[in-house]
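J.: Numbering (my numbering), first residue to last: 512 to 587. I am attaching a structure below and will ask some questions about it afterwards.
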Amino acid sequence: MENRIINILTENLGISTKKNSNPESFKWDSLKHITLMSVIEEEFDILLEPEEISEMLNYKDIVKVVKLKLTHTDQL
Numbered sequence: 512m513e514n515r516i517i518n519i520l521t522e523n524l525g526i527s528t529k530k531n532s533n534p535e536s537f538k539w540d541s542l543k544h545i546t547l548m549s550v551i552e553e554e555f556d557i558l559l560e561p562e563e564i565s566e567m568l569n570y571k572d573i574v575k576v577v578k579l580k581l582t583h584t585d586q587l
C-alpha cells in the first residue's frame, strides 16, 4: 500500500524517485492536493471525507488515513 501511495505521488507530482527517494519531503499545492486525493480514492476504492482530506498534508498522513479507511472497509 505504501509503495502504491509513493507511485501516486511521484507520478502526479512529476517527481523522479531517483532524485528524491524520501516521500516525506514531497510538497504540492492545493490544486495538486485535490488531484492526489481523487487518484487515491480511485486507486484504493475508498471515499475520503472532507476532514480526512484536509488532514492528508504529507506522505505520512496520507498513509495513516488510507490505512484507517482500508481497515474500516475490511471490517464491513
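Yeah, the Cβ is synthetic: ideal placement off N, Cα and C, and Gly gets one too.
Cβ of Ile545 within 8 Å of Cβ of Ile573?
T.: As a first step, residue 545 is located in the sequence shown; it is residue number 34 there, counting from the start. As a first step, residue 573 is located in the sequence shown; it is residue number 62 there, counting from the start. Taking 8 Å as the Cβ cut-off, Ile545 and Ile573 do not qualify as a contacting pair.
J.: Under a Cβ-count criterion, where at least 16 other Cβ atoms within 10 Å of its own Cβ denotes burial, should Pro534 be classed as buried or exposed?
T.: As a first step, residue 534 is located in the sequence shown; it is residue number 23 there, counting from the start. Pro534 is buried by the Cβ-count criterion.
J.: Taking DSSP as the reference, what is the three-state secondary structure of Asn518?
T.: On the sequence shown, position 7 is the one that residue 518 refers to. Correct three-state label for Asn518: helix.
J.: Hey, could you find the ends of the alpha helix (DSSP H) Glu552 is sitting in?
T.: Here the question's residue 552 lines up with position 41 in the sequence shown. Segment 541 to 555, the alpha helix (DSSP H) holding Glu552.
J.: According to the neighbour-count rule (16 or more other Cβ atoms, all chains shown, within 10 Å of its Cβ), is Leu547 buried or exposed?
T.: Counting from 1 along the sequence shown, the entry for residue 547 is found at position 36. By the neighbour-count rule (16 or more Cβ atoms within 10 Å), Leu547 is buried.
J.: Quick one: what does DSSP say Asn523 is sitting in, helix, strand or coil?
T.: Here residue 523 refers to the residue found at position 12 when the sequence shown is read from its first residue. It is helical.
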